[in-house]
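Going down the list, the sequences are from chains A and B. Just so you know, we're using the UniProt record's numbering here: the first sequence kicks off at 1 and counts up by one. Just so you know, we're using the UniProt record's numbering here: the second sequence kicks off at 1 and counts up by one.
2 protein chains.
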Amino acid sequence: MKMQRIRIKDVAREAGVALSTAALALRDDSKLREETRRVVREAAARLGYVYDRSAAMMRSGRSHTIGLLVCEITNPFYAELTAGVEEALDQAGYVTMLANTAESAERQRRMLERFREQPVDGVLIMPATGTPASLSEELRAWQLPHATVVRSFRRGAHAGPDNRAGTRLATEHLLALGHRRIAFLGGAAKNSVSTGRWEGYARAMARAGLTPEHLPCRTDIGEASVVAEALTAKGPTALVCFNDSVAFGAGMGLQRGGRMPGRDVALVGFDDVREAAHWYPPLTTIRVAPHVIGQAAARVLLHRITDPAAEPLREILPPALVIRESCGAQQRRAA
Amino acid sequence: MKMQRIRIKDVAREAGVALSTAALALRDDSKLREETRRVVREAAARLGYVYDRSAAMMRSGRSHTIGLLVCEITNPFYAELTAGVEEALDQAGYVTMLANTAESAERQRRMLERFREQPVDGVLIMPATGTPASLSEELRAWQLPHATVVRSFRRGAHAGPDNRAGTRLATEHLLALGHRRIAFLGGAAKNSVSTGRWEGYARAMARAGLTPEHLPCRTDIGEASVVAEALTAKGPTALVCFNDSVAFGAGMGLQRGGRMPGRDVALVGFDDVREAAHWYPPLTTIRVAPHVIGQAAARVLLHRITDPAAEPLREILPPALVIRESCGAQQRRAA
DNA sequence: TCATCAGAGTGGAACGTTCCAATTCGACCG
DNA sequence: CGGTCGAATTGGAACGTTCCACTCTGATGA
Numbered sequence: 001m002k003m004q005r006i007r008i009k010d011v012a013r014e015a016g017v018a019l020s021t022a023a024l025a026l027r028d029d030s031k032l033r034e035e036t037r038r039v040v041r042e043a044a045a046r047l048g049y050v051y052d053r054s055a056a057m058m059r060s061g062r063s064h065t066i067g068l069l070v071c072e073i074t075n076p077f078y079a080e081l082t083a084g085v086e087e088a089l090d091q092a093g094y095v096t097m098l099a100n101t102a103e104s105a106e107r108q109r110r111m112l113e114r115f116r117e118q119p120v121d122g123v124l125i126m127p128a129t130g131t132p133a134s135l136s137e138e139l140r141a142w143q144l145p146h147a148t149v150v151r152s153f154r155r156g157a158h159a160g161p162d163n164r165a166g167t168r169l170a171t172e173h174l175l176a177l178g179h180r181r182i183a184f185l186g187g188a189a190k191n192s193v194s195t196g197r198w199e200g201y202a203r204a205m206a207r208a209g210l211t212p213e214h215l216p217c218r219t220d221i222g223e224a225s226v227v228a229e230a231l232t233a234k235g236p237t238a239l240v241c242f243n244d245s246v247a248f249g250a251g252m253g254l255q256r257g258g259r260m261p262g263r264d265v266a267l268v269g270f271d272d273v274r275e276a277a278h279w280y281p282p283l284t285t286i287r288v289a290p291h292v293i294g295q296a297a298a299r300v301l302l303h304r305i306t307d308p309a310a311e312p313l314r315e316i317l318p319p320a321l322v323i324r325e326s327c328g329a330q331q332r333r334a335a
Numbered sequence: 001m002k003m004q005r006i007r008i009k010d011v012a013r014e015a016g017v018a019l020s021t022a023a024l025a026l027r028d029d030s031k032l033r034e035e036t037r038r039v040v041r042e043a044a045a046r047l048g049y050v051y052d053r054s055a056a057m058m059r060s061g062r063s064h065t066i067g068l069l070v071c072e073i074t075n076p077f078y079a080e081l082t083a084g085v086e087e088a089l090d091q092a093g094y095v096t097m098l099a100n101t102a103e104s105a106e107r108q109r110r111m112l113e114r115f116r117e118q119p120v121d122g123v124l125i126m127p128a129t130g131t132p133a134s135l136s137e138e139l140r141a142w143q144l145p146h147a148t149v150v151r152s153f154r155r156g157a158h159a160g161p162d163n164r165a166g167t168r169l170a171t172e173h174l175l176a177l178g179h180r181r182i183a184f185l186g187g188a189a190k191n192s193v194s195t196g197r198w199e200g201y202a203r204a205m206a207r208a209g210l211t212p213e214h215l216p217c218r219t220d221i222g223e224a225s226v227v228a229e230a231l232t233a234k235g236p237t238a239l240v241c242f243n244d245s246v247a248f249g250a251g252m253g254l255q256r257g258g259r260m261p262g263r264d265v266a267l268v269g270f271d272d273v274r275e276a277a278h279w280y281p282p283l284t285t286i287r288v289a290p291h292v293i294g295q296a297a298a299r300v301l302l303h304r305i306t307d308p309a310a311e312p313l314r315e316i317l318p319p320a321l322v323i324r325e326s327c328g329a330q331q332r333r334a335a
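Take a look at the structure:
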């Protein structure tokens, strides 16, 4: 009694054309007369035909599916980025396969193997901390088109923010406000992001004839707040934070220590996550527009898939300084 | 010069068995002798065989793929939930196809059609605002196994928090602290979540012989802060907020108006997003463990797929009150 | 000695597309 | 009037699995 699925074959019979004609018509191929296409389309609608991608996938070898490996989707920055990727891929007619590696290199590896079997047309990867350097070559050996996002391999397609330029902007802003004792908070890991952000800060300090100062801590609100609470009036007057999470932690620590961000200590974040604007006091930060990075990443990967012989693209997106209240610029101007 | 893919056929030849034997061996089927399985496994490893799911999918009609429709992935609550779903599905051997509907019913519809074509074995859906009531029957007509998450249809498989119990907990806590003028902030939309949360609050108030008071506003930090800033000393002494976002907005508005949450006005949120603990002051809220809901949702859907004849499961998860500082309980205890 | 049986392995037809070569049919050209 | 051409359509072989029915082999029991 269960009604069976309608296939192209059935549509063809209903429309009175050959199977391959119907298939062509449903793909709206220009080789066919508009009239024929219409007739087939109508027959398909009448029967309630549903395209079966799994068969197409098998025959054509293309799945119109992209694997997305997110290092930590519960981090708002990466969530936003994921939304950008998904949106751009959808617009290009691709479906996103999601895997949250939760910063586990082992899980990342497992998911890559699954994606390879699936098979996906390509993968977008935000390498988990602890990713072996060999992964890049391995993917190449697999012939699996891929691009990195935010965190990068040495070579290959990539989309991410210009970290160096970001912390340079932040540091120069604080210098312009008259600060001299500016410390860099957070970013202990050895990866492309950490080194980039540190360098931008350190070079700006050096150019101003000042010595950079590193307050290391893990990228974690709790840890950052502990480090910040320990800071006294003798400490730095301004903090360039590794990212917004660290800045939030720092702000909380400072308040616990009885000092108000923006009044007693200047604070600049990095990322401009949605919460930054709604924090109290609103956080001055570096906007890198994760949504835009996500879209760029999708573009870069699709280029790689469409034109595998071409040089891999690297899109380094320029950041912008967003001045709010945590850096104290407002108060200074008012005074 | 390009090396071609290795198929089961090649593995079979290498192992000196028939194609179907090799296929059985690779699935580790107990019909085969352990010895045979080993030989085939080794041959596969030697050749670098990669399983091709797209062919399996087509022949068997099962894709081991689930479509996940998230209403707004940039919302940390849903991001966390997504992580839970993905983790549980992965453990069960399923891959997650992600679509962020961004609260657009039209986009949601389009993505459902894609998922149907893909084809996925089932969909997990957090209905976007404005989802027509007919969607539920339509999915049934499509014969597409589905379950709702957080927001629910009237019937069908579902996993989500017990909203009524949550706001009841919040309200009773505030009553116990001695508050009498307690208002409910936010939740203007007409959906299962809004009505549930309102009812839990309103009934608790009624039981205490008090009249409930609704301060409507959209679920948006900005709007909530405007409403809260307008509140004066003559207004309510405590706010039960629709969710943590609204509570954050309210906290910000209160501070702008010169009043400190937890000292001048008691504030309780709903959801316990990661930021709640790190807010200043830390937010008292209702924990619903989005990660757990996500896992439950995956379970409920897989049950539906495995056993379509059985009654759809509905998992309503009990919330917990998390007391931090924004409700003023600490101060009160200290005094 | 022969039927029966279970265990182990085999052969080949599906699954629903896409792809390519082939065919049909006028129109046009010399 | 035969030949060539392009546009429109067709036929049928792939694609790499799974699934089912079948064969083969040796052991068992009457």
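Ideal Cβ positions, reconstructed from N, Cα and C, are used throughout, including at glycine. Just so you know, these numbers come straight off a predicted model, no measurement behind them.
Pick from the options that is closest to residue i, judged by C-alpha positions
i                      : options                                : result
B:Glu315               : B:Cys327, B:Leu321, B:Gln330, B:Val288 : B:Val288
B:Ala147               : B:Ser225, B:Ala23, B:Ala157, B:Ala141  : B:Ala157
B:Lys234               : B:Glu72, B:Cys71, B:Ala183             : B:Ala183
A:Met309               : A:Arg140, A:Arg259, A:Ala297           : It is worth fixing the name first, because residue 309 of chain A is Ala in this sequence and not Met. Ranking the options by Cα distance to A:Ala309, first place goes to A:Arg140.
A:Ser225               : A:Thr211, A:Thr237, A:Cys241           : A:Cys241
A:Ala88                : A:Ala297, A:Ala206, A:Ala320           : A:Ala297
A:Glu172               : A:Ala188, A:Val149, A:Ala204           : A:Ala204
A:Ala277               : B:Glu103, B:Leu98, B:Asp162, B:Ser245  : B:Ser245
B:Gln108               : B:Thr96, B:Leu24, B:Lys31, B:Leu124    : B:Leu124
B:Val149               : B:Phe115, B:Ser192, B:Pro132           : B:Ser192
B:Gly269               : B:Leu185, B:Leu47, B:Ser60, B:Arg41    : B:Leu185
A:Gly48                : A:Ser30, A:Ala188, A:Gln4              : A:Gln4
A:Val292               : A:Lys31, A:Lys9, A:Asp271, A:Ile305    : A:Asp271
A:Gly209               : A:Ala230, A:Arg155, A:Leu175           : A:Leu175
A:Ala247               : A:Thr232, A:Gly258, A:Glu275           : A:Glu275
A:Phe153               : A:Leu135, A:Pro161, A:Met97            : A:Leu135
A:Arg41                : A:Leu26, A:Arg33, A:Ser30              : A:Leu26
A:Phe77                : A:Arg259, A:Met126, A:Pro318, A:Thr211 : A:Met126
residue 361 of chain B : B:Gly178, B:Ala128, B:Trp198           : Chain B is shown only over 1 to 335; residue 361 of chain B falls outside these bounds and no answer can be derived.
B:Val322               : B:Val273, B:Gly200, B:Glu72            : B:Val273
A:Phe115               : A:Ile73, A:Pro212, A:Ser63, A:Pro318   : A:Ser63
A:His214               : A:Asp29, A:Arg207, A:Leu239            : A:Leu239
A:Gln255               : A:Asp10, A:Ser326, A:Asp162            : A:Ser326
Residue(s) in a DSSP beta bridge with residue i
i                      : result
A:Phe184               : A:His214, A:Val240
B:Leu98                : A:Thr96, B:Leu68
residue 337 of chain B : Nothing about residue 337 of chain B can be read from this structure; chain B reaches only from 1 to 335.
A:Pro161               : A:Leu317
A:Arg287               : A:Asp271, A:Ala320
B:Gly122               : B:Ile66
B:Ala147               : B:Leu124
Nearest-angstrom Cβ-Cβ length linking residue i and residue j, presumed shorter than 8 Å
i                      : j        : result
B:Leu81                : B:Gly262 : That pair is no contact at about 28 Å.
B:Thr237               : B:Arg324 : About 18 Å separates the two Cβ atoms, so there is no contact after all.
A:Leu130               : A:Ala105 : Residue 130 of chain A is actually Gly in this sequence, not Leu. Contact flag correct, Cβ pair sits at about 4 Å.
B:Gly328               : B:Ala266 : 5 Å
B:Ala43                : B:Ala15  : 4 Å
B:Glu103               : B:Thr96  : Contact doesn't hold; Cβ gap of about 20 Å is too wide.
A:Leu231               : A:Gly196 : That belief does not hold up - the Cβ atoms of A:Leu231 and A:Gly196 are roughly 25 Å apart, past 8 Å.
residue 369 of chain B : B:Thr101 : Examination of residue 369 of chain B is not possible in this model, given that chain B is present from 1 through 335 alone.
request  = Examine the Cβ distances between the segment 39–54 of chain A and the segment 118–128 of chain B and report whether three or more of them are shorter than 8 Å.
outcome  = The answer is yes - the segment 118–128 of chain B touches the segment 39–54 of chain A, with three or more Cβ pairs under 8 Å.
request  = Mind listing, in chain order, the continuous alpha helix (DSSP H) runs of no fewer than 4 residues lying wholly within the segment 39–88 of chain A?
outcome  = Whole alpha helix (DSSP H) segments, 4+ residues: 53–60.
message = I want to know whether the segment 270–283 of chain A touches the segment 243–258 of chain A - three or more CB-CB distances under 8 Å.
response = Because the criterion of three Cβ pairs below 8 Å is met, the segment 270–283 of chain A and the segment 243–258 of chain A touch.
message = Under 8 Å, with one C-beta from each stretch per pair, do the segment 56–67 of chain B and the segment 17–37 of chain B reach the 3-pair mark?
response = Too few Cβ pairs lie closer than 8 Å, so no.
inquiry  = Does the structure place the segment 296–304 of chain B close enough to the segment 135–153 of chain B that three or more beta carbon pairs sit under 8 Å?
reply    = Three or more beta-carbon pairs drawn from the segment 135–153 of chain B and the segment 296–304 of chain B are found closer than 8 Å, and the two stretches are therefore classed as touching.
ask   = Would you call the segment 220–230 of chain B and the segment 160–179 of chain B in contact, with 3 or more CB pairs under 8 Å?
value = Touching, no, given that fewer than three Cβ pairs across the two stretches are closer than 8 Å.
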